[in-house]
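The sequence shown begins at 29 in our numbering and counts up one residue at a time.
Built from N, CA and C at the ideal position, the CB exists for glycine as well.
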Amino acid sequence: MTAVNRPPSRRPRNRKALILAAAIDCFQRSGYQATEMKDIAAAVGITAAALYHHFRSKQELLGAALLDSSDHLWRTVAAAEAEGLESLLRLLTSFSLDHRSYSIVWYREIRHLSSEHRDEVRQRQQRISGTLGKALQSSRPDLGPTETALISWAVMAALGSPSYHRIELPRPRFEELLLGLGRAMTQVRLSPTDAPAPRTGPRLRPVSRREALLTAAVTLFTERGYQAVSMEDVGAAVGVSRLSVYNYFPSKADLLSAVLHRVSEEKWATLNRSLAQSETEEEALRRIVRSYAESTVLDRGSGAMLLVSELAHIPSADRDALLRLQVDYVAEWVALFLGCRPTLSQSEAGILVNAVLVMLSVLPRLPLLSQRDDLAGPLAELALTILDVPAPS
């Protein structure tokens, strides 16, 4: 039998670009901490050893992926800067739907970067927001710099919201919805607020040891990620030993589970209170939007971040229960919204509700805005603008 000579396989010229794209997809699907280099290598069709030829560590690969994706958006925005606000809104809308993995990875995984890469990614994001802000001020000379920055970041967060859910619509209608909310947000006239009050010191914490541990765990898990936090770290934040923490929580997974259930329960308690105080869907929606904005500003979006990023680390039965609670929670918002906007489909309402929830959750975590205590009112106004629900007269 004659042997068949096969030509040697050639390394694709865009191997690095393929690796970066696969990394973003893997990080979006499983999270940075649960993704291994071999997972990314398999997605590209190479060995882990070959992947390490390009990137020395997973953190280095994350940094390269976030820098490359944010550079991609920055180059696209910069090329359209001279075309004005409408063109930028259209561009951001298309980019969001073309790259649905990007936004959630930027939001969720930036904390795992080296300080150098984290600063570089934030600088690129600030350039993008600044470019949008310049176009906004050209269109709205009545806006001051504080309002301009807030609206620009809010628009970017809302337009990036498809990264956080799997709702599908025909592309033209999806673009129409996103472009419409972007236009509405850039036209909003925010009510005047007091001058931003910087947060100047530590806040009070509970006397109860168990509650103090939960509060400390929220902060540590949010800032570092579950796997990078030890029980000793949590105890040290409260001034107790690691063994003392185990008196309240048998394991770190039990502590995380208690934290996530607490976050979920607080959301449901606020929603139920808003329903009990309201006579119409519109009134209830206004109350829920306002209370959600107040909550995320108070905790700097930590609760929402944990529900997005850390569910994979708890037992599957517990995880499934919390996911069901989240789905049901969003469904309550959608039902109220459809009561106000009955001409929308379930999917259309879900897209707009998710845009609100993402915007309200993301903005309090931005370094530029995180030290402001006056954000809840403007954020609620922007959210109601997305939902096209008028503020009370």
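Q | Every unbroken alpha helix (DSSP H) inside the stretch 169–203 [4 residues or more] | A | 173–187, all fully within the stretch 169–203.
Q) Of the choices Ser323, Gly267, Thr371, Leu396, whose alpha-carbon is the least far from that of Trp296? A) The residue from Ser323, Gly267, Thr371, Leu396 with its alpha-carbon nearest to that of Trp296 is Ser323.
(Q) With distance defined between alpha-carbon atoms, name the residue in Leu164, Glu204, Gln56 nearest to Thr176. (A) Residue Leu164 is the option with its Cα nearest to Thr176.
(Q) Can you check which of these residues, Arg217, Val72, Met65, is closest to Gly172 by C-alpha distance? (A) Among Arg217, Val72, Met65, the Cα nearest to that of Gly172 belongs to Arg217.
Q: Evaluate Asp99 with the Cβ neighbour count: other Cβ atoms within 10 Å of its Cβ, from every protein chain shown; 16 or more gives buried, anything less gives exposed.
A: It is exposed - the Cβ of Asp99 has fewer than 16 other Cβ atoms within 10 Å.
Q | Own chain, CB closer than 6 Å to Ser189, minus 5 neighbours either side, in chain order | A | A distance below 6 Å between beta-carbons, with the five flanking residues on each side excluded, links Ser189 to the following residues of its chain, in chain order: Asn382, Ala383, Val386.
Q: Check whether the Cβ atoms of His82 and Ile47 sit closer than 7 Å, and answer yes or no.
A: In contact: His82 and Ile47 (Cβ atoms closer than 7 Å).
Q | Between the CA atoms of Tyr60 and Ser85 - distance to the nearest angstrom | A | Approximately 12 Å between the Cα atoms of the pair.
Q) To the nearest angstrom, how far is it from the Cα of Gly112 to the Cα of Leu101? A) If you take the alpha carbons of Gly112 and Leu101, they lie about 16 Å apart.
**Q.** Ala186 burial status per 10 Å Cβ neighbour count (16 or more: buried)
**A.** The residue is buried, with at least 16 neighbouring Cβ atoms inside 10 Å.
Q: Would you check if the stretch 130–142 and the stretch 249–258 touch, i.e. whether three or more CB-CB distances between them fall below 8 Å?
A: With a cut-off of 8 Å on Cβ pairs, the stretch 249–258 is in contact with the stretch 130–142, counting three or more such pairs.
Q | Integer-rounded CB distance, given that Arg128 should sit under 8 Å from Ala191 | A | With the sequence shown as reference, residue 191 is identified as Ser, and Ala is not the correct amino acid for it. 5 Å between Cβ atoms; contact.
Q) Is it right to say Arg352 is buried, meaning 16 or more other beta carbons lie within 10 angstroms of its own, or is it exposed? A) By the neighbour-count criterion, in which a residue is buried when 16 or more other Cβ atoms sit within 10 angstroms of its Cβ, Arg352 is exposed.
Q) Since Leu207 and Leu117 are thought to touch, with beta carbons under 8 Å apart, how far apart are those beta carbons, to the nearest angstrom? A) Leu207 to Leu117, Cβ: 6 Å. Contact.
Q: Compare the beta carbon distance of Ala62 and Ala340 with 7 Å and say whether it is the shorter of the two.
A: Using a Cβ distance threshold of 7 Å, Ala62 and Ala340 count as a contacting pair.
Q: Compare the C-alpha of Ser375 against each of Ala359, Leu388, Trp181 and name the closest.
A: Of the candidates Ala359, Leu388, Trp181, Ala359 places its Cα closest to the Cα of Ser375.
Q. Mapping DSSP to helix, strand and coil, what is Asn275?
A. Correct three-state label for Asn275: coil.
Q: Please confirm whether Cys54 and Ala69 have their CB atoms less than 7 Å apart.
A: The answer is no: Cβ separation not under 7 Å.
Q.
Taking a contact to mean a Cβ-Cβ separation below 7 Å, would you say Val317 touches Leu412 in this structure?
A. Against a cut-off of 7 Å, the Cβ pair of Leu412 and Val317 comes out as a contact.
Q: Could you check if Gln56 is buried or exposed, using at least 16 other CB atoms within 10 Å of its CB as the buried criterion?
A: Around the beta carbon of Gln56, 16 or more other beta carbons lie within 10 angstroms, which makes this residue buried.
Q. Between Glu309 and Gln354, what straight-line distance do the alpha-carbon atoms span, to the nearest angstrom?
A. In this structure, the straight-line span from the alpha carbon of Glu309 to that of Gln354 is close to 20 Å.
Q. Between Leu334 and Phe249, is the Cβ-Cβ spacing less than 7 Å?
A. Result yes, Cβ atoms of Leu334 and Phe249 sit closer than 7 Å.
Q) Closest by CA to Leu125, which one among Cys368, Glu144, Leu197? A) Closest option to Leu125, judged by alpha-carbon separation, among Cys368, Glu144, Leu197: Leu197.
Q.
On the criterion of 16 or more Cβ atoms from any shown chain inside 10 Å, does Ser269 qualify as buried, or is it exposed?
A. It counts as exposed.
Q) Which whole runs of the alpha helix (DSSP H) in the stretch 338–367 are 4 residues long or more, in chain order? A) Entirely contained in the stretch 338–367, not one alpha helix (DSSP H) run reaches 4 residues.
Q | Three-state class that DSSP yields for Asn300 in the structure shown | A | Per DSSP, reduced to three states, the secondary structure at Asn300 is helical.
(Q) What does the Cβ neighbour count give for Pro200, buried or exposed, with the cut at 16 atoms within 10 Å? (A) Exposed, since its Cβ has fewer than 16 Cβ neighbours within 10 Å.
Q | Supposed contact pair Asp327 and Ser285 - C-beta distance, whole angstroms, cut 8 Å | A | Their Cβ separation, rounded to whole angstroms, is 18 Å, which puts Ser285 and Asp327 out of contact at 8 Å.
Q. How far does the alpha helix (DSSP H) with Val268 in it reach, from first residue to last?
A. It is not in any alpha helix (DSSP H) - Val268 carries neither H nor E in the DSSP assignment.
Q) What is the rounded straight-line gap between the Cα of Leu364 and the Cα of Gly91? A) Straight-line Cα distance between these residues: approximately 40 Å.
(Q) Let's test the definition: count the other Cβ atoms within 10 Å of the Cβ of Thr121 and tell me whether it reaches 16, buried, or not, exposed. (A) Label assigned to Thr121: buried.
Q: Alpha carbon to alpha carbon, how far is Ile414 from Ala212? Give it in angstroms, no decimals.
A: Distance between the alpha carbons of Ala212 and Ile414: 7 Å.
Q.
Could you compute how far the alpha carbon of Leu397 sits from the alpha carbon of Leu178?
A. Within the model, the alpha-carbon separation for Leu397 versus Leu178 is close to 8 Å.
Q: Buried or exposed for Ala110, please, with buried defined as at least 16 other CB atoms from any protein chain shown within 10 angstroms of its CB.
A: Under this definition Ala110 is an exposed residue.
Q: Go to Arg315, then tell me how far its alpha helix (DSSP H) extends in each direction, as first and last residue.
A: Boundaries of the alpha helix (DSSP H) harbouring Arg315: 309–326, taken from the DSSP string.
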